[in-house]
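Down below is the structure, laid out as structure tokens.
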Amino acid sequence: MERLEKENAELKGRVDAFEAMMVKEGLKPSANPPKFLKSLSEMSISGFVTASYFYDTSTPADRKSNGYLWNTSENSFSINKVKLTLAGPPIDKSKWDATYRASMIWGEDAAVVNTGGEVQGLEDLREAYVDLNIPIGTGLDIKAGQLISLLNYESGDGGAVNANFSQGYQWFYTGNGPSAGVQAAYAFNDVIDVKFRVQNGMYAGAIDNNTGKAYMGAVGIKPMKDLWLSFVGFQSHEAAGFSVAGASVLAGYTVGKLGLGTEFDYFIFDPSPASDAHFWSIGGWLTYDFTPKFGIALRAEYLDDDDGFGFKGIALGGRPGSAILSPDANGKITSVALTVNYKPVPNVKIQPEIRFDNTTYKNGFDGVENRFLLGAGVSYLF
């Protein structure tokens with residue numbers, strides 16, 4: 010009996026060794042799933058598709074609504090955005106851990122919200138970064154890669170995420186696009202957190218054309234469950250003889266079905282040796298959900314370009330002929346947008362909207378100073 014058991018053990022050992030050799034040589038699948046299958050099982054995939062139609066009462070001759078972000082041609086159906094996001098599992102803050110996130114956006118709006126890095130092959134990239142947790146205190150979070158701005162109340166994802174379909178002027182003129190850099194973030198507790206970022210520049214994108222860097226910091230405060238505030242400061246040497254610095258205050262409050270938000274921005278441009286140019290803006294948001302399927306959103310904003318450096322003559326990304334032009338040296342913009350939010354099913358968002366824009370810049374909106382933009386957008390989120 011002992012001899013038989015010994016022979017069986019030797020036979021089993023030879024079989025195990027043979028199977029191990031087959032697995033190593035790829036002749037037999039391993040009992041453990043391949044690493045790429047494990048990665049796929051942990052990956053989350055999300056995104057949305059957004060389309061719209063809008064009409065501009067100023068009827069611009071070139072069909073490009075000056076200063077208006079989303080629809081590249083007025084009185085035309087638009088495929089605004091197709092967004093795809095790939096993300097790893099959430100980070101475990103109690104240990105050394107890492108994850109990733111990458112988002113791409115295609116469509117008419119891509120040139121405004123993405124990096125603008127056509128030459129580098131990055132024109133479809135919205136964000137892409139490695140996220141590393143260092144187990145210090147509550148967890149020191151380090152992100153490195155292409156990062157979305159710390160500025161602005163609204164998201165660059167537009168109506169799919171925001172309560173208004175159209176994008177406010179503040180998001181573009183007193184904001185900045187994504188840029189490559191590194192960020193450190195730390196939450197002291199549930200009330201206070203801080204972020205510090207170094208990136209290529211305020212308006213550099215993925216690859217800069219100089220060695221200057223932008224420095225941004227933010228302090229987040231959440232004194233109560235439904236109230237949050239963010240204080241942001243920044244300074245950047247963009248190019249030889251040109252720097253920009255400023256600050257921003259963002260806040261949001263929700264009480265029942267009512268939501269309130271605000272944004273204040275102050276920019277100081279230093280086009281040395283010329284004098285400094287000051288540019289500021291303020292905006293407010295009000296939302297109310299009558300039912301889980303039906304709600305309204307109101308946005309009002311004001312931008313003061315007293316030195317004529319903030320938005321006059323600045324074309325929107327990838328859209329020649331879209332700049333606000335005027336013989337005036339300086340001017341202002343006031344805008345109000347009213348949006349209906351209707352969600353017939355959980356994944357669909359329909360947003361009829363009417364928006365009124367006014368500028369003190371003579372002929373600033375394609376030969377007029379006042380215009381209405383009317384239309385609707387629809388988004389499917391997955």
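Using this note's numbering, the first residue of the sequence shown is number 10, and each one after it goes up by one.
Beta carbons are placed, not taken as given, at the ideal position from N, Cα and C, and that holds for glycine.
For the set Ile145, Ser158 and Gln192, the Cα lying nearest the Cα of Ala256 is the one of Ser158. Note on Ser335: 16 or more other CB atoms within 10 angstroms of its CB, so buried under the neighbour-count rule. In the pairwise beta carbon analysis, the stretch 191-201 is classified as not touching the stretch 71-88: fewer than three pairs are separated by under 8 Å. Annotation for Ala196: the continuous beta strand (DSSP E) segment containing it runs Ser188 to Ala196. Non-local beta-carbon contacts of Phe86 in its own chain, meaning distances under 6 Å to residues more than five positions away in sequence, involve Tyr62 in chain order.
Contact annotation, Phe181 with Gly386: C-beta distance approximately 18 Å; criterion of less than 8 Å not satisfied.
CA-CA distance, Thr368 to Ala227, rounds to 31 Å. Between Thr66 and Leu347, the gap from beta carbon to beta carbon reaches 9 Å or more.
At the C-beta level, Phe320 and Ile342 come within 9 Å of one another.
Between Val139 and Ala107 the beta-carbon gap is near 6 Å, inside 8 Å, which marks them as a contact. If you draw a straight line from the Cα of Tyr224 to the Cα of Phe299, it is about 42 Å long. The beta carbon of Thr271 sits closer than 6 Å to those of Ala260 and Gly293, all from its chain and outside the five residues before and after it, given in chain order. If you draw a straight line from the Cα of Gly376 to the Cα of Ile230, it is about 44 Å long. In the DSSP assignment, the residues bridged to Glu310 are Gly292 and Ser344. Contact check for Ser53 against Leu93 fails: the beta carbons are separated by 9 Å or more. Beta bridge pairing from DSSP links Asn339 with no other residue. Residue environment analysis places Asn198 among the exposed positions, since fewer than 16 neighbouring C-beta atoms fall within 10 angstroms of its C-beta.
By the CB criterion at 9 Å, Val345 and Arg364 fall inside the cutoff. The criterion of a C-beta distance shorter than 9 Å is satisfied by Gly186 and Asn123. Shown here, Leu49 sits in a helix according to DSSP, grouped into three states.
Across the set Glu51, Phe374, Arg72 and Gly56, the C-alpha of Gly56 shows the shortest separation from the C-alpha of Tyr389.
DSSP, read as helix, strand or coil, puts Val122 in helix.
Contact check for Gly304 against Ala172 passes: the beta carbons are separated by less than 9 Å.
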